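Q:
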Amino acid sequence: MLKKGHEYNLGQITSFLEDSGFNRTNTVREYGEYAIRGDIVDIFSNPSFYPYRLDFFGEEIEKIRYFDQSSQLGLSEVEQIQLNPVAEYVSHMNV
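Heads up: take any position in the sequence shown, counting from 1, add 449, and you land on our numbering.
(1) Between residue 524 and residue 451, is the Cβ-Cβ spacing less than 8 Å?
(2) Here's the rule: buried if 16 or more other CB atoms are within 10 angstroms of the residue's CB, otherwise exposed. What is residue 491?
(3) If we call anything under 8 Å between Cβ atoms a contact, is residue 500 one with residue 518?
(4) Between which two residues does the alpha helix (DSSP H) containing residue 488 stretch?
(5) Looking only at its own chain, which residues have a Cβ that is under 7 Å from the Cβ of residue 472, when we skip the five neighbours before and after it?
(6) Got a sec? Which residues, its chain only, sit under 6 Å from residue 493 by beta carbon, not counting five neighbours each side?
(7) Can you look up residue 467 in the DSSP assignment and give me helix, strand or coil?
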């Protein structure tokens, strides 16, 4: 659970996303993707209909909002989000 006004280490968030099956991209458009651009982190996690945009100030989440993946424009703000793994089990082996 990530909450507005709380501090989080971006490296730990990135590790969680990678370990949970998310793919890093330049622009988030599909479920299971995330992007980091400076102090902004975009994440498209289940069960959300829209992806989330986290605005950081240092390590503090200043704002959490939904955004439209087509226009990339911000929508409504929320106080907290729950990130769920893309898959139940993620394998790091090339099979």
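We put the beta carbon where it would ideally sit given N, CA and C, even for glycine. From a predicted model like this one, the values you see are computed outputs, not experimental measurements.
A: So, to answer that:
(1) Against a cut-off of 8 Å, the Cβ pair of residue 451 and residue 524 comes out as no contact.
(2) buried
(3) It is a contact, given that the beta carbons lie within the stated cut-off.
(4) No alpha helix (DSSP H) contains residue 488, which DSSP labels as neither H nor E.
(5) 481 and 482
(6) 477, 480, 482 and 500
(7) helix
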